[in-house]
Amino acid sequence: MRMDELKLKLGSEIKIERVLQVLERLVAFQSVNPGGKEQEAAHYIANFMRAAGCEVSLQEVEPGRPNVIAVLKGSGRGKSIIFNTHIDVVPAGEGWSSDPFTMQVDDGRVIGRGVMDAKGPLAAMMVAIEAIASAAIALPGDIILAAVVDEEAASLGAKGLPQELTASFAVIGEATNRTLAIAHRGSIRPIVAVKGVSAHSSTPQLGKNAVSLMAKAVVALDRFAEEQLVHRTHPLTGQSSLAVTIIKGGIKESMIPDYCEALIDRRLIPGESEQAALEEMMNVLESDPQLAGQVYIERMIPTTGTASETNEQHELVQLGKQVLADVYGQETVITGLTANCDMTHFVAKGIPAVIYGPGDFSIAHKVDEWVTIDELEKAAYVYAYFALEAASQVEA
Numbered sequence: 001m002r003m004d005e006l007k008l009k010l011g012s013e014i015k016i017e018r019v020l021q022v023l024e025r026l027v028a029f030q031s032v033n034p035g036g037k038e039q040e041a042a043h044y045i046a047n048f049m050r051a052a053g054c055e056v057s058l059q060e061v062e063p064g065r066p067n068v069i070a071v072l073k074g075s076g077r078g079k080s081i082i083f084n085t086h087i088d089v090v091p092a093g094e095g096w097s098s099d100p101f102t103m104q105v106d107d108g109r110v111i112g113r114g115v116m117d118a119k120g121p122l123a124a125m126m127v128a129i130e131a132i133a134s135a136a137i138a139l140p141g142d143i144i145l146a147a148v149v150d151e152e153a154a155s156l157g158a159k160g161l162p163q164e165l166t167a168s169f170a171v172i173g174e175a176t177n178r179t180l181a182i183a184h185r186g187s188i189r190p191i192v193a194v195k196g197v198s199a200h201s202s203t204p205q206l207g208k209n210a211v212s213l214m215a216k217a218v219v220a221l222d223r224f225a226e227e228q229l230v231h232r233t234h235p236l237t238g239q240s241s242l243a244v245t246i247i248k249g250g251i252k253e254s255m256i257p258d259y260c261e262a263l264i265d266r267r268l269i270p271g272e273s274e275q276a277a278l279e280e281m282m283n284v285l286e287s288d289p290q291l292a293g294q295v296y297i298e299r300m301i302p303t304t305g306t307a308s309e310t311n312e313q314h315e316l317v318q319l320g321k322q323v324l325a326d327v328y329g330q331e332t333v334i335t336g337l338t339a340n341c342d343m344t345h346f347v348a349k350g351i352p353a354v355i356y357g358p359g360d361f362s363i364a365h366k367v368d369e370w371v372t373i374d375e376l377e378k379a380a381y382v383y384a385y386f387a388l389e390a391a392s393q394v395e396a
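With full-length UniProt numbering applied, the sequence shown covers 1 to 396.
Next up, the structure:
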C-alpha cells in the first residue's frame, strides 16, 4: 500500500475526541514534581498501550516512579522510532480560574496543568500509536513510546532508560508552536560557596564576611554575563546566559557570617560543554584578587542536561519538515528551544532527535496553562505520520 493510502486509512482512526478523553484522564493524575507521584499515571499509560497492542514494560527509576516503555512491534526489517515525553508536571501554583487537575474546554482551548507541558503531547502520541495498531497497518520497523518521569527536575527518567533501548530516530514531545525544533539549550547549576571567619558584628574587622565576599563574586559574574555571554549566541536557541538565583548566608544578626553560598543558573547553547562552562566561571572569580582562593564549588544541583542539536540536513529533519508541511499545509519553520529537554539524552546515545509538540512554549509553567483543540488534533496526525514514514523504511 502506498504512503498516501496508508495516511488515508489512518485518518479515519484518529479522533480528537479520543485525544481529549485520554488527556482528561492524564491531567487528573497529580503527577507533580517535586513529589515523585508519577506512578498512577504511569499505570494508566501502560494499560492503555497494552490494550492498543503494544509490548509494555514499567521501569522503576526510583521507588514508585516508573518509566513506561511501550513497543508496537514491526516485522523486524525496518527502522524504528521512539516517541518520548514526560509524565511529570510542575506544581499548579495559585490563581487558577478552575481546578488545575480537572481539564476544562472553553472556546476551542483546553485548560489544565500539563495540557501543553507535556500531557498534551503524550496523549497525542498514545492516540497516534493506538490508531496505527487499530488500522492494522503493518510496518517493518518498531514504534516505541518512552513516557518518562522527572523531566521537570533532573531527568532521572530519560537518563535511566535502558542502554539497550535504541532506535533509528527519536521525536521529543515539547511545545514548538507549529514548528520543528532541532536544537535546545542546556543548563548547569553549581552552588558556589565562600568560607569566611565569624566574629561579633560589633568588631567586624576581626572576622571575614562571607556575605560581602559573595557580593563581590555576584558582581563579577554579572559583569561576565553582561560583557561576554551576551555575545555568545546560537541562531536557533539564542544566547548563553548566567543568573544568580538563590543566595544563603548568615545565621544571626550579631554575627559576621563565616559561610555564604549562591546558586548559579548557567544556560548553555549547543557547542558549549558543561566542564568548560564551569572552568570558565571559576576563572572569572579567581581572576579577582579579592576572591582568589576564597570561592569554590560546593556541589552541583542536578539538571535536565546539556544542550544538543541535530544537523538540519539530517534525514530525520527533512522527514519532519515534510510531515509538518503535510499536516499544517504550510512550509515548516525550523526553530530551537530556549529551555532544556530530554532530547540531549537520546542524542548522547547516538539517536538523531527532533522536538515537536502542540502549543506555545511561552505558556509553560503558567497559571491556566492551555493548548488549542486544533493543535492537539494536528499533533496526533504529526506523530502518526512520523511513525508511518520512519517505520516504513527498511534497514539497508
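Just so you know, even glycine gets a beta-carbon here, dropped at the ideal spot from N, CA and C. In this text, all values refer to a predicted model and were calculated from it rather than measured experimentally.
Starting from residue 19, trace the alpha helix (DSSP H) in both directions and tell me its first and last residue. Translated into the one-based positions of the sequence shown, residue 19 becomes position 19. Start and end: 16-28.
Are three or more beta carbon pairs between the region 226-245 and the region 159-175 nearer than 8 Å? Taking 8 Å as the limit for Cβ pairs, the verdict is that the region 159-175 does not touch the region 226-245.
In the DSSP assignment, find the unbroken alpha helix (DSSP H) run with residue 134 in it and report its ends. Within the sequence shown, numbered from 1, the residue matching residue 134 stands at position 134. Start and end: 119-134.
How close, in whole Å, do the beta carbons of residue 56 and residue 70 come, if the pair is a contact with beta carbons under 8 Å? Reading the sequence shown from its first residue, position 56 is the one you call residue 56. Reading the sequence shown from its first residue, position 70 is the one you call residue 70. Confirmed, Cβ separation roughly 5 Å.
Assign residue 102 to buried or exposed, taking buried as 16 or more other Cβ atoms, counted over all protein chains shown, within 10 Å of its Cβ. Here the question's residue 102 lines up with position 102 in the sequence shown. With fewer than 16 Cβ atoms within 10 Å of its Cβ, residue 102 is classed as exposed.
Suppose you measure from the CA of residue 123 to the CA of residue 257; what does that come to, to the nearest Å? Residue 123 sits at position 123 when you count from the first residue of the sequence shown. Residue 257 sits at position 257 when you count from the first residue of the sequence shown. In this structure, the straight-line span from the alpha carbon of residue 123 to that of residue 257 is close to 51 Å.
Using the rule of at least 16 other Cβ atoms within 10 Å of the residue's Cβ for burial, across every protein chain shown, is residue 267 buried or exposed? Translated into positions along the sequence shown, residue 267 becomes position 267. Flag for residue 267 reads buried.
Our contact map puts residue 108 next to residue 373 with C-beta atoms below 8 Å; I'd like the distance itself, whole angstroms only. For this step, residue 108 is matched to residue 108 along the sequence shown. For this step, residue 373 is matched to residue 373 along the sequence shown. Indeed they touch by this definition, with Cβ atoms about 5 Å apart.
Applying the 10 Å Cβ sphere with the 16-neighbour rule, what's the burial state of residue 310? Working through the sequence shown from its first residue, we reach residue 310 at position 310. The residue is buried, with at least 16 neighbouring Cβ atoms inside 10 Å.
Straight-line Cα distance separating residue 308 from residue 39: Looking up residue 39 in the sequence shown gives position 39. Looking up residue 308 in the sequence shown gives position 308. For residue 39 and residue 308, the distance between alpha carbons rounds to 29 Å.
Beta carbon of residue 100 nearer than 8 Å to that of residue 113: On the sequence shown, residue 100 is found 100 positions in, with the first residue counted as 1. On the sequence shown, residue 113 is found 113 positions in, with the first residue counted as 1. Less than 8 Å separates the beta-carbon of residue 100 from that of residue 113.
May I ask you to report which of helix, strand or coil DSSP gives residue 361? Residue numbering aside, residue 361 sits at position 361 when the sequence shown is read from its first letter. Three-state DSSP puts residue 361 in a helix.
Check whether the Cβ atoms of residue 81 and residue 390 lie closer than 8 Å to each other. Translated into positions along the sequence shown, residue 81 becomes position 81. Translated into positions along the sequence shown, residue 390 becomes position 390. Yes, the pair counts as a contact, with Cβ atoms nearer than the cut-off.
Just tell me which of 146, 115, 73 has its CA closest to the CA of residue 46. Within the sequence shown, the letter at position 46 stands for residue 46. Cα-wise, what sits closest to residue 46 is 146.
By the three-class DSSP mapping on this structure, what secondary structure does residue 261 have? For the purposes of this step, residue 261 is identified with residue 261 of the sequence shown, where counting begins at 1. In the structure shown, residue 261 adopts extended strand secondary structure according to DSSP, grouped into three states.
Buried or exposed for residue 294, please, with buried defined as at least 16 other CB atoms from any protein chain shown within 10 angstroms of its CB. Within the sequence shown, numbered from 1, the residue matching residue 294 stands at position 294. Buried, since its Cβ has 16 or more Cβ neighbours within 10 Å.
Between which two residues does the alpha helix (DSSP H) harbouring residue 4 extend? Working through the sequence shown from its first residue, we reach residue 4 at position 4. Residues 3-11.
Through-space distance from residue 175 to residue 383, alpha-carbon basis: Reading the sequence shown from its first residue, position 383 is the one you call residue 383. Reading the sequence shown from its first residue, position 175 is the one you call residue 175. One C-alpha to the other measures close to 13 Å.
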